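Numbering-wise (our numbering), the sequence shown opens with residue 95 and increments by one. Think of the CB as a built atom: it goes at the ideal place given N, C-alpha and C, for glycine as much as any other residue. Small disclaimer: the values here were computed from a predicted structure and weren't measured.
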Amino acid sequence: WIRPPQNQRPSYHRLFQAKQLSFGIFSRSALASSASMPKFSRKLQGKSMTPLIPLQSWLQFPWEKPLHHLAESPLLNSENSQWPALPRGIQGNSRSTEAASLKAHSKEYPWAARMNQSLRNLHRVTIPELLVIFCIINLLNYMDRGAIASNGVNGSTRSYDDKGKCNPATGIQGNFNLSNFEDGVLSSSFMVRLLIASPIFASLAKSFNPFRLIGVGLTVWTVAVLGCGSSFAFWFIVLCRMFVGVGEASFISLAAPFIDDNAPHKQKAVWLGVFYMCIPSGVALGYVYGGYVGKHFSWRYAFWGEAVLMAPFAVLGFLMKPLQLKGFPATDATDSIKMASSTQRHLKTRIIFKLVVMRLRSPLKLQLVAVSKSFTQFAKDMKVLCKEKVFVVNVLGYVSYNFVIGAYSYWGPKAGYNIYKMIQTFVLSCHKNANMIFGAVTIICGIIGTLSGGFILDRVTATIPNAFKLLSGATFLGAIFCFTAFTLKSLNGFIALFALGELLVFATQAPVNYVCLHCGEPSLRPLSMAISTVAIHIFGDVPSSPLVGIVQTAKTITGTVTNEIETQ
């Protein structure tokens, strides 16, 4: 509960106009003299007593922390301060006193009670709901990757079959007449901005609220995907794909630490498995989604549909009540505020006004200082992280894994179509479709494999040594099955071995990310996830798609020349 001092009316007026503040205690004279607050003035004019209205129990601006957890500041220690003491009857520390006062004044001022209650419950989500939200966002992120690799969206250039029949150009590759190398660049272009933006977002998370950063990133993602669907040239769609990477960067390095913080102790690996299950499932869903939309409508509609699906989550990032990552300092951006013991229940009036007025008068300066500190701390954290041998070994293995998976995920549908003659139309079981087969196999194996990896790691006790054992065995066996699958001539044999390989390969998702999260200090987790993402992409799936495209083009040219020589 607070009572504004008479000599701070202008500052208090500015505070009231801030959207996310709920200061509800005004003196009748102060309100009557404020011409810019007519609605509230009319409600309180004519009252014989100075009204007291409950102060919101948490401030979303600028601290977003419960007030009763804030410590006494040096600003509070001055006995000669002009700031008034708390009103009588509510100076106690008990929550019951606050509750009784709130109930009494809510009856007299129901409009204030409604305002405070609506702000108190503003988009508050439970931990399971938070996991579901993160999973859906992750699913949409990787659905976009699968969609652009699908035959319906990616398409092909004009070609002729053995009988001389012309196959028309389709999709992005046919629309812009792209070579295989350019097509591979298209799949990797979004990684460029992703690699640059991931460490930046991870560092800014120490100074700015992570949920707001996610909201900014997803907004960029939505606009960029809309641009992909509206592209008119190859360079423009490449530029839009780069900004898709910026949007994803804000999410991938922050979601896993939130899940690790809030998951039950004995189910951390399973929760991580559920989250990372969305990677193979999203890619597979993208194959099916892109193939269907590209065939029945246009490849442009596939991107527009993704933007519509992601837009609500971008808005939710700005509205959802934030949580605090463990191991991070409070994002107050004010050095005079420190965390207090759990027995403190209130904060005196003068600290609220002095600190908020200071924040309102120089917001730009404080933000610039926070950004500067973020980049300075980033250099120190990078040095610590690179000296962590467990992290380095884990990332090196993850890079090799991602190099192969990147090539499989992008060129797999085309390889299956060319090797096993999977035709483009899907009619019951007698006609096979490359998108549908790869999509179905990857969805089933991705879900089962990823969940199994997390479950097994929890069963054998989630530790870094056990995680490495699981990683080594699953990767070794999975690579053997996947390699052997592409050497078979039988489609049924290919599907069987490829499914077994994917089960084992996707079982590594939970263990490898568990190691990334627990190999260093808790405050380094977002940066650890960001640097891991940068490494696996810049040395993994970013170069693998274009390199495979070059090899495929060279092989095609060599085969064509050889056939012509043999014919002559």
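Hey, Phe305 and Met414: beta-carbon distance below 7 Å or not? A contact, by the Cβ cut-off of 7 Å.
Could you tell me whether the Cβ atoms of Ile541 and Met404 are closer together than 7 Å? no
Runs of alpha helix (DSSP H) lying entirely within the region 273–334, each at least 4 residues, in chain order: 274–298 and 304–323
Reducing DSSP to helix, strand and coil, say where Thr647 ends up. Here Thr647 sits in helix by DSSP.
Can you tell me the Cα-Cα spacing of Gly278 and Ile266, whole angstroms? 12 Å
Does the pairing of the region 486–497 with the region 617–635 give three or more beta-carbon distances under 8 Å? yes
Candidates Gln361, Val317 and Pro358, of which the one nearest Val340 by Cα: Val340 has its Cα closest to that of Val317, out of Gln361, Val317 and Pro358.
Can you tell me which of the three DSSP states Thr264 falls into? strand
Taking only the alpha-carbon atoms, compute the straight-line gap between Phe337 and Thr578 and give it to the nearest angstrom. 37 Å
Val402 and Tyr395 closer than 7 Å at C-beta: no
At which residue ranges does the region 566–638 contain complete alpha helix (DSSP H) runs of 4 or more residues, listed in the order of the chain? List check, alpha helix (DSSP H) in window: 585–600, 603–612 and 619–630.
Proximity of Thr544 and Gly367 at Cβ, strictly below 7 Å: yes
For Gly246, three-class secondary structure by DSSP: coil
For Lys477, does the count of other Cβ atoms within 10 angstroms reach 16, so buried, or fall short, so exposed? exposed
Does the Cβ of Val554 have 16 or more other Cβ atoms within 10 Å, making it buried, or fewer, making it exposed? exposed
Inter-stretch contact at 8 Å, needing at least 3 Cβ pairs: the region 634–648 / the region 565–585: no
Alpha carbons only, please: which of Ser281, Ile227, Ile231 and Leu233 is nearest the one belonging to Val247? It is Ser281.
Would you mind working out which of Val489, Phe328, Gly240 and Ala241 sits nearest Ile625, comparing C-alpha positions? Val489
List the whole-angstrom C-beta distance separating Gly376 from Asn560, where the pair is believed to meet the contact cut-off of C-beta under 8 Å. Not confirmed; about 27 Å, so no contact.
Given a threshold of 16 other Cβ atoms within 10 Å of its Cβ, counted over all protein chains shown, does Val487 qualify as buried or as exposed? exposed
Report yes if the C-beta of Asn607 is less than 6 Å from at least one heavy atom of the ligand SAM; otherwise report no. In the structure on display, the ligand SAM does not appear, and there are no ligands present to speak of.
Nearest CA to the CA of Asn303: which residue from Gly411, Lys563 and Pro605? For Asn303, the nearest C-alpha among the options comes from Gly411.
Look up Phe391 in the DSSP assignment and say whether it is helix, strand or coil. The three-state secondary structure of Phe391, taken from DSSP, is coil.
Whose C-alpha, out of Phe580, Gln646, Val636 and Ala590, is nearest the C-alpha of Leu289? Val636
When you compare only the Cα positions, how much space is there between Ser617 and Leu565? 25 Å
Bounding residues of the alpha helix (DSSP H) (the contiguous stretch that carries Val368): Lys362 to Tyr370
So for Glu400, helix, strand or coil by DSSP? helix
Compare the C-alpha of Ser344 against each of Ser638, Tyr504, Val310 and Ile538 and name the closest. Val310
Helix, strand or coil: how does DSSP classify Gln185 here? For Gln185, the predicted structure reports a pLDDT of 40, less than 50, and the residue's modelled location is therefore unreliable. The matter cannot be settled from this model.
Kindly indicate which three-state DSSP category Asn271 falls into: helix, strand or coil? coil
Tyr608 vs Ala357 beta-carbon contact at 7 Å: no
Helix, strand or coil for Lys481? Go by DSSP, reduced to three states. coil
Outcome for Cys229 when other beta-carbon atoms lying within 10 angstroms are tallied against a minimum of 16: buried
Can you check whether the CB of Ala473 is closer than 7 Å to the CB of Ser663? Shown here, the chain extends from 95 to 662; a query on residue 663 therefore has no answer.
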